[in-house]
Ligand SMILES: *[C@@H]1O[C@H](CO)[C@@H](O)[C@H](O)[C@H]1NC(C)=O
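Numbering (the working numbering), first residue to last: 80 to 417.
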């Protein structure tokens, strides 16, 4: 059986596990062990309606798309069991931040036609635009305008953004984590806005990059959840995997900004199956993603947030052949050419 099929079998078995042993989750929550990212930068991808059919057949009930693509949103009509995070592309932020009417028009064009029939859970303003000089400054004003729109319309759509966590140290205690000066400046108003309604911030967490940056010192098993050994000790908290350490590091970094009530959603995590020699194989990708699914299904949470359910999305559904060469084309669970 190929690895992507194996992963879905694992996903389904984890759902059964939760159905059987944990009656605190409702049926729909139980099915949503993890979500999947769905990117479009390939010239050989299945049609959106086939992709949505596939998700339904596999009980995938949470997806994330990077732009308000009409074909995908049309295919989602009536399928309200699938929650969808809709992104706004970084290059669109500047024009939207220029005036409130631009945001109103964007919303009327891209979201309004679907709100009654598509389960839009989040609109994310930019992807890793913060921290960044180019688009980072536009995130907050656009979030503010969109927050006002959904509030005035009483829509259950959360407005947030996604950020990178690659500035957090890989093997240092999570409690030592701090935001970089630019991240602090750009993120602080965003976090304050989110904290007013306890809306989550979305974070992209990739132990892969820390591992390949320093493979001599970073144990592979720590990066891919394949050990029970404590690798990082942080006061009374013990870390056996880097995912938890990065997750908790971000919580610590927020606490240092006096932000305590903003939950984290993991908008991306994953491992490439090719592009960097023996560090990127289908088996390693399956190990990481499979262990991530099991970790989420276990309900263990992280050392700093024990017994809390991690809300996370695997990056990504398909390999995308129009991305830059190398690993970037190989994060998919499926290769459309295979
Ligand atoms: C919408 O999606 C969310 C996230 O998957 C889910 O919790 C919720 O139950 C869905 N709503 C409906 C009406 O199915």
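No residue lacks a Cβ here, since even glycine has one placed at the ideal position from N, Cα and C. Only a predicted model underlies this, so the values are computations on that prediction, with no experimental measurement involved.
- Boundaries for residue 398: no beta strand (DSSP E) harbours it, and the DSSP string shows neither H nor E there.
- Distances from the CB of residue 341 to the heavy atoms of ligand 1 are all 7 Å or more.
- Annotated as distal: residue 204 and residue 164, with beta-carbon spacing of 8 Å or more.
- When rounded, the separation of the alpha-carbon atoms in residue 153 and residue 195 is 12 Å.
- Contact between residue 371 and residue 304 holds: CB atoms are separated by about 7 Å, below the 8 Å threshold.
- Close CB contacts of residue 351 within its chain, under the 6 Å cut and outside five residues either way in sequence, are with 359, 406, 409, 410 (chain order).
- When the five nearest sequence neighbours on each side are left out, the beta carbons in the same chain lying within less than 6 Å of the beta carbon of residue 256 are those of 247, 328, 331, 332, in order along the chain.
- Between the alpha carbons of residue 155 and residue 114 lies a gap of roughly 15 Å.
- Taken in chain order, the whole beta strand (DSSP E) runs of length 3 or more contained in the stretch 121 to 177 are 141 to 144, 162 to 167.
- As a beta-bridge residue in DSSP terms, residue 380 pairs with 385.
- As summarised for the stretch 204 to 267, the continuous alpha helix (DSSP H) elements at least 4 residues long and confined to that stretch are 215 to 232, given in chain order.
- Going by DSSP, residue 305 is part of no beta strand (DSSP E) at all; its letter is neither H nor E.
- Taking C-beta atoms as the reference points, residue 226 and residue 242 fail to come closer than 8 Å.
- The C-beta distance from residue 310 to residue 298 rounds to 6 Å, short enough to fall under 8 Å.
- Residue 345 sits close to residue 389, with the two beta carbons spaced by under 8 Å.
- Judged by DSSP in its simplified three-state form, residue 407 adopts helix.
- For residue 180, the enclosing alpha helix (DSSP H) stretches over residues 179 to 189.
- Per DSSP, the continuous beta strand (DSSP E) segment holding residue 393 begins and ends at 391 to 393.
- DSSP, read as helix, strand or coil, puts residue 334 in helix.
- In the assembly as shown, residue 187 is an exposed residue. Its beta-carbon has fewer than 16 other beta-carbons within 10 Å.
- The three-state secondary structure of residue 82, taken from DSSP, is helix.
- Nearest to residue 86 by C-alpha distance, out of 353, 404, 396, is 396.
- In the DSSP assignment, residue 194 falls outside any beta strand (DSSP E), carrying neither H nor E.
- Put simply, of 279, 294, 280 the residue whose alpha carbon is nearest the alpha carbon of residue 286 is 294.
- For residue 153, the CB stays at least 7 Å from every heavy atom of ligand 1.
- Counting along the chain, the unbroken alpha helix (DSSP H) around residue 291 starts and ends at 286 to 292.
- DSSP places residue 345 in the uninterrupted beta strand (DSSP E) bounded by 343 to 348.
- Within a 10 Å sphere around the beta-carbon of residue 88 sit fewer than 16 other beta-carbons, which makes this residue exposed.
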